[in-house]
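**Student:** Line order of the protein sequences matches chains A and B.
Residue 132 in the numbering used here is what sits at position 132 of the first sequence, and the numbering runs on without skipping anything.
Residue 25 in the numbering used here is what sits at position 25 of the second sequence, and the numbering runs on without skipping anything.
Just so it is clear, CB atoms sit at the ideal spot from N, CA and C, and this is done for glycine as well.
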Amino acid sequence: MATDNPAAPRPSSEAAAGRGPRRRRGRPQGGRAAAVLLSPFFLLFTGVTLIPIGYAVYLSLFRTERSGLGFGPATTVFAGLDNYGKLLGDSVFRAGFVHVAVYGAIYIPTMLIAALAGALLLDSALAKASRFFQLVYFLPSQVPGVLAALTWLYLYTPHISPIMRLLNDMGANPDLNKSVWLFPAMANIAVWQFTGYNIVIFYVALKAIPTEIIEASVIDGASELRAAVSIKLPLIGPSATFAGLMTLVGVLQLFTEPLVLQFIAPGSIGAQWTPNLYNYNAAFLDQNTASAAAGSILLALVAGLLSFGVMRLTRKWREAV
Amino acid sequence: MLDSHRPASPGTARISRRSRSKALAAAGAIGLATVLAACSSSGGSAGTTAAGSGAGAAATYTGSAVVNLSFWSWTLNSQAVVDEFNKTHSNIHVTFTKITGGPAGYSKMFDAFKAGNAPDVFNCEYDMLPEFVSEGLVQDISQYVNPQLQSELGAALPLTTLGGKTWAIPYDVEPTELWYRADLFKKYDLAVPTTWAQFQTEAQQLAKADPSAKLAAVPTDDPLWLASLAEQAGAQWFSSTSSSWKVNLTDANSEKVASYWQGLVDAKDVYAAPSGSPQYTAAFTNGQVLSMIEPTYEGAYLKSSYPKEAGDWAAAPLPSWGSTAMESTEGGSSYPVNKSTKNTAAALEFAEWLSTNSDAISTRMQGGKSSALPADATAGQTAESSFDKSFYYQGQDIFSVANSAASTVSKIWSWGPQVPGMDSAMATPMGQTGSGGKFSAVLSTGQSQVLQLLQSAGLSASAG
Numbered sequence: 001m002a003t004d005n006p007a008a009p010r011p012s013s014e015a016a017a018g019r020g021p022r023r024r025r026g027r028p029q030g031g032r033a034a035a036v037l038l039s040p041f042f043l044l045f046t047g048v049t050l051i052p053i054g055y056a057v058y059l060s061l062f063r064t065e066r067s068g069l070g071f072g073p074a075t076t077v078f079a080g081l082d083n084y085g086k087l088l089g090d091s092v093f094r095a096g097f098v099h100v101a102v103y104g105a106i107y108i109p110t111m112l113i114a115a116l117a118g119a120l121l122l123d124s125a126l127a128k129a130s131r132f133f134q135l136v137y138f139l140p141s142q143v144p145g146v147l148a149a150l151t152w153l154y155l156y157t158p159h160i161s162p163i164m165r166l167l168n169d170m171g172a173n174p175d176l177n178k179s180v181w182l183f184p185a186m187a188n189i190a191v192w193q194f195t196g197y198n199i200v201i202f203y204v205a206l207k208a209i210p211t212e213i214i215e216a217s218v219i220d221g222a223s224e225l226r227a228a229v230s231i232k233l234p235l236i237g238p239s240a241t242f243a244g245l246m247t248l249v250g251v252l253q254l255f256t257e258p259l260v261l262q263f264i265a266p267g268s269i270g271a272q273w274t275p276n277l278y279n280y281n282a283a284f285l286d287q288n289t290a291s292a293a294a295g296s297i298l299l300a301l302v303a304g305l306l307s308f309g310v311m312r313l314t315r316k317w318r319e320a321v
Numbered sequence: 001m002l003d004s005h006r007p008a009s010p011g012t013a014r015i016s017r018r019s020r021s022k023a024l025a026a027a028g029a030i031g032l033a034t035v036l037a038a039c040s041s042s043g044g045s046a047g048t049t050a051a052g053s054g055a056g057a058a059a060t061y062t063g064s065a066v067v068n069l070s071f072w073s074w075t076l077n078s079q080a081v082v083d084e085f086n087k088t089h090s091n092i093h094v095t096f097t098k099i100t101g102g103p104a105g106y107s108k109m110f111d112a113f114k115a116g117n118a119p120d121v122f123n124c125e126y127d128m129l130p131e132f133v134s135e136g137l138v139q140d141i142s143q144y145v146n147p148q149l150q151s152e153l154g155a156a157l158p159l160t161t162l163g164g165k166t167w168a169i170p171y172d173v174e175p176t177e178l179w180y181r182a183d184l185f186k187k188y189d190l191a192v193p194t195t196w197a198q199f200q201t202e203a204q205q206l207a208k209a210d211p212s213a214k215l216a217a218v219p220t221d222d223p224l225w226l227a228s229l230a231e232q233a234g235a236q237w238f239s240s241t242s243s244s245w246k247v248n249l250t251d252a253n254s255e256k257v258a259s260y261w262q263g264l265v266d267a268k269d270v271y272a273a274p275s276g277s278p279q280y281t282a283a284f285t286n287g288q289v290l291s292m293i294e295p296t297y298e299g300a301y302l303k304s305s306y307p308k309e310a311g312d313w314a315a316a317p318l319p320s321w322g323s324t325a326m327e328s329t330e331g332g333s334s335y336p337v338n339k340s341t342k343n344t345a346a347a348l349e350f351a352e353w354l355s356t357n358s359d360a361i362s363t364r365m366q367g368g369k370s371s372a373l374p375a376d377a378t379a380g381q382t383a384e385s386s387f388d389k390s391f392y393y394q395g396q397d398i399f400s401v402a403n404s405a406a407s408t409v410s411k412i413w414s415w416g417p418q419v420p421g422m423d424s425a426m427a428t429p430m431g432q433t434g435s436g437g438k439f440s441a442v443l444s445t446g447q448s449q450v451l452q453l454l455q456s457a458g459l460s461a462s463a464g
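1) How many angstroms separate the CA atom of B:Q432 from the CA atom of A:S179?
2) Between the Cα of A:P238 and those of A:A293, A:W192 and A:R312, spot the shortest distance and give me the residue it belongs to.
3) Thinking just about the alpha-carbon of each residue, which of B:T445, B:N86 and B:T100 is nearest to the one in B:V94?
4) Measuring alpha carbon to alpha carbon, tell me which residue in B:S90, B:T100 and B:E177 is nearest B:T75.
5) Which of the three DSSP states is assigned to B:I412 in this structure?
6) Report the residue ranges of all alpha helix (DSSP H) runs contained in full by the segment 40-115 of chain A; include only those spanning at least 4 residues, in chain order.
7) Using a Cβ-Cβ distance cut-off of 8 Å, determine whether A:E65 contacts chain B.
8) Taking 8 Å as the CB-CB limit, is B:L24 close to chain A?
9) For B:L226, which of helix, strand or coil comes out of DSSP?
10) Given a limit of 7 Å on CB to CB distance, which residues of the segment 281-296 of chain B reach chain A?
11) Do B:V121 and B:W167 count as a contact pair if the criterion is CB distance below 8 Å?
12) Mind listing the chain A neighbours of B:G276? Cutoff is C-beta to C-beta under 7 Å, in chain order.
13) At 9 Å on the CB atoms, spell out the chain A contacts of B:E327, in chain order.
14) Under a Cβ-count criterion, where at least 16 other Cβ atoms within 10 Å of its own Cβ denotes burial, should B:G28 be classed as buried or exposed?
15) Any Cβ of chain A within less than 8 Å of the Cβ of B:V133?
16) Going by Cα to Cα distance, which pick from B:Y392, B:F391 and B:F399 is closest to B:T382?
17) Report yes if the CB atom of A:I213 is closer than 8 Å to the CB atom of A:I231, and no otherwise.
18) Please list the segments of the beta strand (DSSP E) lying wholly inside the segment 117-150 of chain B, counting only runs of 3 or more residues, in order along the chain.
19) Can you list the residues of chain B that A:K163 reaches, using a CB-CB cut of under 9 Å?
20) Round the Cβ separation of A:L285 and A:G104 to the nearest angstrom and send it over; I've been treating them as touching at under 8 Å.
21) Since B:W245 is in the beta strand (DSSP E), which residue starts that stretch and which ends it?
22) Against chain B, with Cβ distances strictly below 8 Å, would A:D123 count as a contact?
23) Report yes or no: is there a C-beta of chain A within less than 8 Å of the C-beta of B:S107?
24) Since B:L354 meets chain A, which of its residues come closer than 8 Å, beta carbon to beta carbon?
25) Tell me whether the beta-carbon of A:G267 lies closer than 8 Å to the beta-carbon of B:T88.
26) Between B:T445 and chain A, is any beta-carbon pair separated by less than 8 Å?
27) Give me the residue from B:E131, B:A118, B:A155 and B:C124 with the minimum Cα distance to B:A406.
28) Check each residue of the segment 97-123 of chain B: if its Cβ is closer than 8 Å to any Cβ of chain A, include it; give the result in chain order.
29) Quick check for students: name the residue ranges of the alpha helix (DSSP H) that lie wholly in the segment 227-287 of chain B, counting only runs of 4 or more.
30) Tell me, which residues are paired with B:W179 by DSSP?
31) Return helix, strand or coil for B:F85, following the three-state DSSP convention.
32) Bridge partners for B:Y335 per DSSP, in chain order?
33) Helix, strand or coil for A:W317, going by three-state DSSP, please let me know.
34) Counting only Cβ-Cβ distances shorter than 7 Å, please list the residues of the segment 157-183 of chain A near chain B, keeping chain order.
35) Could you name the residues of the same chain whose beta carbon sits closer than 8 Å to that of B:A51, not counting the 5 residues immediately before and after it, in chain order?
36) Which word fits A:R226, buried or exposed, when buried means at least 16 other C-beta atoms lie within 10 angstroms of its C-beta?
Here it is in structure tokens:
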């Protein structure tokens with residue numbers, strides 16, 4: 001019994017007294033195992049993400065200078081935050097963010113609403129052959145981005161595309177050189193590509209809702225539509241906001257669609273139309289690595305701040321009911 | 001789509017469209033007057049030193065150990081040309097890698113230089129050469145320019161001479177010509193215009209007679225097309241003192257060209273569309289546009305882009321502003337040598353062989369794949385005789401047109417650094433000319449952007 005040794009602490013139970021020393025020996029072993037199992041991730045993360053970001057920050061603090069006619073050797077000069085200042089003062093760079101914002105404002109709500117509606121329809125009692133349709137909706141997302149943009153390039157080319165001909169016949173006179181046509185046209189490509197992908201994701205989330213809840217709502221007299229809007233939607237809130245956040249980050253990195261559509265709209269899509277294009281231009285054609293590095297860091301910061309903001313704002317939707 | 005006409009580049013970032021790149025690759029037109037004069041004296045020696053190891057060549061590799069070189073280009077028939085070189089040179093082995101033309105190809109080259117695995121010799125257009133030179137990537141070959149090289153390529157050497165030093169072996173000079181559908185000209189009873197005034201009148205007549213047909217096309221994705229027309233009018237966008245650049249895109253000559261084309265586009269007397277777009281190709285395929293203003297090398301590309309129009313296309317010199325014929329060039333390529341090549345003599349021997357050897361030229365011309373006119377006169381004659389002219393209207397000898405055009409090219413034009421930046425900055429207003437934008441805005445944007453680019457690179461540059 002415990003009273004044999006009054007100085008020793010009373011174990012809470014006989015079993016606990018026996019397990020004590022073994023438990024103490026177990027803890028360090030558990031920690032080492034965890035470190036070993038986690039190390040591949042951290043090694044890769046450091047090597048492939050942290051070091052390059054650090055190098056980019058380092059590069060962004062310098063500037064190359066030439067003298068005379070520029071055919072002599074160049075010198076690298078420490079420039080501090082000059083590159084950042086120049087970028088923030090460059091109206092073309094800032095305009096890139098505006099373009100991305102307008103594009104996102106059209107694309108994200110359209111795509112999310114369409115995907116949610118599609119998933120709800122697939123999940124409803126009305127759906128037939130849902131497996132088949134899931135596959136069909138999912139397929140466009142497996143087409144590489146450039147190919148999707150090229151396909152739509154042809155569909156947007158006047159004189160060749162039946163869509164453009166139809167719009168012309170209806171008197172609409174589509175002209176991709178005008179913003180009012182350009183932004184929806186670009187957003188359309190992404191909507192075509194990714195709505196299906198998100199339908200599948202939301203469908204899976206819907207399938208995870210316990211059937212008892214749906215049955216309870218039916219018993220309470222809810223119609224299909226009411227159940228969808230008031231019961232299912234809030235329950236897949238976390239899924240939807242996460243998808244929205246991922247889409248937002250993707251939108252900030254817009255690159256492929258403007259790149260390809262330049263072929264038919266060189267007047268409205270410049271080489272520096274989005275921040276990503278601007279940085280690409282600076283790095284690979286202007287050979288101005290420092291500016292490209294600074295621009296990339298700025299883009300990452302904007303993405304980070306926006307993500308943080310969105311997470312805060314949607315906190316109540318992300319916590320499942 | 002991307003293959004049929006001029007590919008732009010993606011990536012560009014300058015993802016802008018260097019539609020000319022594809023054509024530039026094939027180019028080769030001798031531009032300058034002295035080439036014709038020098039032809040007879042240098043012809044013989046260039047022909048007999050086919051092996052490239054004869055005395056007098058600018059550089060010869062005479063070692064016995066085999067040197068491996070790499071060569072990058074987008075020009076057609078390059079593999080065949082390289083195979084020919086390898087056959088005839090036992091101590092140099094060249095490996096050819098095909099790359100894409102335009103900004104995408106140049107991005108790849110710049111990246112390779114950064115990574116340290118750039119080619120020893122590569123195809124580099126004249127307007128991109130200053131960029132490679134200012135980045136310190138290519139060798140100064142002034143010391144290798146000996147009398148023989150001078151006599152073979154002397155007329156074109158100024159194109160690769162920057163800051164007083166020679167940086168590459170020139171291949172060709174490309175006079176801009178009027179490529180036209182001779183059959184449609186006959187159908188609409190039009191004469192080939194010899195002055196711009198006549199061109200304008202004919203454009204108006206055609207538009208009135210048949211609203212669906214247009215006399216010529218303006219490539220709205222190619223700002224350097226405007227450069228070549230400004231050059232023809234006597235402009236000089238880049239000039240330099242010993243230590244600073246002078247930039248003048250908005251001089252009277254350039255503005256004259258801008259307002260001329262503004263008038264034609266506003267009145268809808270010409271077709272304006274991006275040359276890399278499907279609708280541009282469709283317009284030519286359907287015979288809705290009768291001519292294009294493009295350099296000599298375009299001839300070979302017409303053959304591959306519009307095969308059904310065999311026998312319809314012909315070439316003519318550009319209409320002139322006054323009574324004197326004046327030409328301009330658009331593009332053209334050269335072969336610089338990588339600064340960190342393992343064997344400069346071997347690399348230079350290869351580069352010189354490419355530009356001057358008759359076997360190299362005739363292999364390149366096979367199948368009508370290249371209508372470029374080489375800077376070396378003898379090589380030019382080889383090109384002319386080995387080129388398959390059957391595609392052109394009544395078997396026209398397009399090389400003789402190129403030759404006579406070449407003799408009147410402007411001698412004051414040169415390129416400065418930051419041409420890619422200039423091209424992509426001007427691309428947006430140029431693209432808008434198809435839907436209400438102004439050509440003069442293209443010039444003013446170019447002017448301000450080039451000054452800004454040069455100054456932010458730390459160089460001294462001013463307007464005028």
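**Tutor:** Short version:
1) If I take the Cα positions, the gap works out to 12 Å.
2) Selected option, being the one with the closest Cα: A:R312.
3) Ranking B:T445, B:N86 and B:T100 by Cα distance to B:V94 puts B:N86 first.
4) That would be B:T100, whose Cα lies nearest to the Cα of B:T75.
5) Coil at B:I412, not helix or strand.
6) 51-59 and 82-89
7) yes
8) Residue confidence for B:L24 is low, a pLDDT of 36 falling below 50, so the modelled location carries little weight and cannot support an answer.
9) helix
10) A282
11) no
12) F263
13) Going along chain A, no residue has its Cβ under 9 Å from B:E327, so there is no contact; the nearest lies around 27 Å.
14) Residue placement at B:G28 is poorly supported in this model, since its pLDDT is 32, which falls under 50; the coordinates still yield a value, given next. Buried: at least 16 other Cβ atoms inside 10 Å.
15) Chain A, which has a Cβ nearer than 8 Å to the Cβ of B:V133, makes this yes.
16) B:F399
17) yes
18) none
19) The sequence given here places Ile at residue 163 of chain A; Lys does not occur at that position. Those do not exist, as A:I163 stays about 14 Å from chain B at its closest Cβ, beyond 9 Å.
20) Actually they are not in contact, since the Cβ atoms of A:L285 and A:G104 sit about 26 Å apart, beyond 8 Å.
21) W245 to V247
22) no
23) For B:S107, the answer is yes, since a Cβ of chain A falls inside 8 Å of its Cβ.
24) Going along chain A, no residue has its Cβ under 8 Å from B:L354, so there is no contact; the nearest lies around 24 Å.
25) no
26) no
27) B:A155
28) Correct list: P103, Y106, S107, F110 and D111.
29) 252-266 and 278-285
30) B:M292 and B:A315
31) helix
32) B:I169
33) helix
34) T157, P158, H159, I160, D175 and N177
35) Bear in mind that the predicted position of B:A51 carries a pLDDT of just 34, short of 50, making it unreliable; the figure below should be weighed with that in mind. Same-chain partners within the cutoff: T88 and H89.
36) exposed
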